[in-house]
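Below is one structure; the comments refer to it alone.
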């Protein structure tokens, strides 16, 4: 991975400390600007228009695997058709609506309607209609299914887990404070994608369906899902997403993300953009429909996205397989987009050339459509044991607790965890670290027995941090140093009081990482920053870990510091940052903690104004209670009570003969 060797590079960064005036040391340190820049880099980093068809054939398998991993499941395991239960039929003019539900995974039931045209004597093309964020789901969007059925397509339309007959959750970080979904690697889009794939598995059992000619379409959330399904499953021959995709630079830079459901961007541990999802569809037929005044997707972004994909299709000799339909208005359908989609499917699935202008639109008078009750699949309740309302707790496989009995077991596990984290949790770390560019910006003979100096250094492009070092020992001698991470919102002298308990008589340096002190931001921005960070493949905590890593590397170059005896300390949430920094650094003497959290798997308040513990995908490999064992040989020291959850780590240290926990002052 791009950052696999960043730790070694960081240690090799040339450091030359200059003395400068504090006024010469101003840096933007602006989280909003930084995230906009990172989103823009992601949007630019993958340029499909510059990739040849032959090159893509080599790249595509890895990109597809990454996309499926981002969704949290596997496509390479054998599947059998889902169990299906039919609950009724509804005869209509020219077609029958079958009411059914299928079990996409144990306990997850999907209520659906299947529209089957009359008079089928040979397998017909089929279209999967994916619902957006509308109450009533398959009833709300039924006019589209009806029109497609009238044109001769078999149509499968099913409820999402959010607004269907059984109500589950799409909105986790969005309005519930469930930012720990990011740590789990969970995204509701993955459930919808899985349900759609299983829907295709069901269609494959129907004698009425021609599986060589399957299309997919939907709007908004259903539009995004259209991209996902076509990218994930090659059984889709033609896709027509509506108002469902844009570039990250538009989403973040224009803050359109704030109106988006959490399902509108996959869990982005690989720092991908929608252009990569689009490339996975090529060269299959793709019709993009987008309104020109959409709140959620800027038309400029969509056009840019489309033109790059069109060139990519051209590289396959398939420019005729992709088109863009722009319609007036906001986030909605238009007659022009609907009839274009009907024409598109007739051409690519049935081989019929019918201009959009020759096709009738959907029935727009709701009074002429069956009521929601007539399309309902379930009776008064869902099937017994339905886990739809709790699918976020069941969808991903639970990581088993590692079995560690020997020193070699621990070393192997440490390597496995570090490798995973660097590629899937901390993948946004710069591939090549910026030069530290250390500068001394303040000096006094006061404040400590041997004076105080403040240094600044570059953590990452756009971020310059300060390390405030208090010399309790002579600067001419190399002595141990404790780097203390200041906490967000701490009171004056809080960290200094902590230092008196854990580092009495030692040299101490205080560090403000991003989100704290001078490099913090208004708390009301936390909700946006947490979501925008995750969409760009990082989190606040991962940025803080990187800052701490850079500070450790910088501190080892400073006068009066013994580079072999540098420790790191943090209180409460900063204890988590200290643990991960020490683990990745691998050279800390001690990790000193007070009241640290013990798990990433815990929710936040809806406004996001607590300590942001989430780290992308981390719970797929480890959790905080395991870190005190993983940081060994660094010794973990506790000021105050040792959390009971850390007993697991204590047991591992005892079994492997590593240094046990220590209480501060003992």
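In UniProt numbering, the protein residues as written are 1 to 666.
Built from N, CA and C at the ideal position, the CB exists for glycine as well.
{"Item": "Cα-Cα separation between residue 22 and residue 328, rounded to whole angstroms", "Value": "With a pLDDT of 46 at residue 22, under the threshold of 50, the predicted position of this residue should be treated as unreliable, and no value is reported."}
{"Item": "Beta carbon of residue 157 nearer than 8 Å to that of residue 112", "Value": "yes"}
{"Item": "Status (buried if at least 16 other CB within 10 Å, exposed otherwise) for residue 118", "Value": "exposed"}
{"Item": "Cβ shell of residue 25 (< 8 Å), same chain only, five flanking positions each side left out", "Value": "Bear in mind that the predicted position of residue 25 carries a pLDDT of just 48, short of 50, making it unreliable; the figure below should be weighed with that in mind. So the list reads 439, 441, 456 and 464, once near-sequence residues are dropped."}
{"Item": "Simplified DSSP state of residue 165, which is helix, strand or coil", "Value": "coil"}
{"Item": "Cutoff 6 Å; reference residue 534; Cβ partners in own chain excluding five residues on either side", "Value": "182"}
{"Item": "Contacts around residue 450, its chain only, beta-carbon distance under 7 Å, and the 5 residues preceding and following it disregarded", "Value": "471, 472, 473, 474 and 475"}
{"Item": "Stretch-stretch touch, CB-based, cutoff 8 Å, three pairs: the segment 547 to 565 with the segment 575 to 589", "Value": "yes"}
{"Item": "For residue 327: DSSP bridge partner residues", "Value": "291"}
{"Item": "Cα-Cα separation between residue 528 and residue 162, rounded to whole angstroms", "Value": "22 Å"}
{"Item": "Rounded C-alpha distance that separates residue 136 from residue 388", "Value": "16 Å"}
{"Item": "Three-way DSSP call (helix, strand, coil) for residue 32 in this model", "Value": "helix"}
{"Item": "Buried or exposed by the 16-neighbour rule on C-beta atoms within 10 Å, applied to residue 76", "Value": "exposed"}
{"Item": "Given 8 Å, three or more beta-carbon pairs between the segment 56 to 71 and the segment 183 to 203", "Value": "yes"}
{"Item": "Neighbourhood of residue 86 by C-beta distance below 8 Å, restricted to the same chain and skipping five residues each side", "Value": "98, 99 and 100"}
{"Item": "Range covered by the alpha helix (DSSP H) that runs through residue 335", "Value": "335 to 350"}
{"Item": "Terminal residues of the beta strand (DSSP E) in which residue 507 lies", "Value": "507 to 511"}
{"Item": "Residues sharing a beta bridge with residue 466, DSSP", "Value": "456"}
{"Item": "Where the alpha helix (DSSP H) containing residue 543 begins and where it ends", "Value": "540 to 555"}
{"Item": "Start-to-end residues for the alpha helix (DSSP H) that takes in residue 102", "Value": "Unbroken run through residue 102 is the beta strand (DSSP E), 95 to 105; no alpha helix (DSSP H)."}
{"Item": "Beta-bridge pairing of residue 479 - partner residues as DSSP gives them", "Value": "561"}
{"Item": "Candidates 81, 134 and 138: closest to residue 199 by CA position", "Value": "81"}
{"Item": "The segment 137 to 144 in contact with the segment 404 to 419 per 3-pair CB rule at 8 Å", "Value": "no"}
{"Item": "Three-state class that DSSP yields for residue 234 in the structure shown", "Value": "coil"}
{"Item": "Beta-carbon contacts of residue 220 that lie in its chain and below 7 Å, excluding the five residues immediately before and after", "Value": "132, 133, 243, 244 and 331"}
{"Item": "Residue 250 versus residue 297 - alpha carbon distance", "Value": "8 Å"}
{"Item": "Range covered by the beta strand (DSSP E) that runs through residue 116", "Value": "108 to 117"}
{"Item": "Cutoff 8 Å; reference residue 659; Cβ partners in own chain excluding five residues on either side", "Value": "632, 633, 635 and 653"}
{"Item": "Beta carbon of residue 621 nearer than 8 Å to that of residue 399", "Value": "yes"}
{"Item": "Beta-carbon contacts of residue 543 that lie in its chain and below 6 Å, excluding the five residues immediately before and after", "Value": "514"}
{"Item": "Residue 621, DSSP secondary structure in three states", "Value": "coil"}
{"Item": "The segment 142 to 160 contacting the segment 566 to 584, beta-carbon criterion three pairs below 8 Å", "Value": "no"}
{"Item": "contact_flag[the segment 309 to 316, the segment 272 to 283] where n(CB pairs < 8 Å) is 3 or more", "Value": "yes"}
{"Item": "Candidates 106, 265, 124 and 212, of which the one nearest residue 195 by Cα", "Value": "106"}
{"Item": "Sequence-distant residues of its chain with Cβ nearer than 7 Å to residue 233 (five each side left out)", "Value": "197 and 200"}
{"Item": "7 Å CB neighbourhood of residue 14 in its chain, flanking five on each side removed", "Value": "Summary for residue 14: the model assigns pLDDT 48, below 50, so the residue's position carries little reliability, and this model does not support an answer."}
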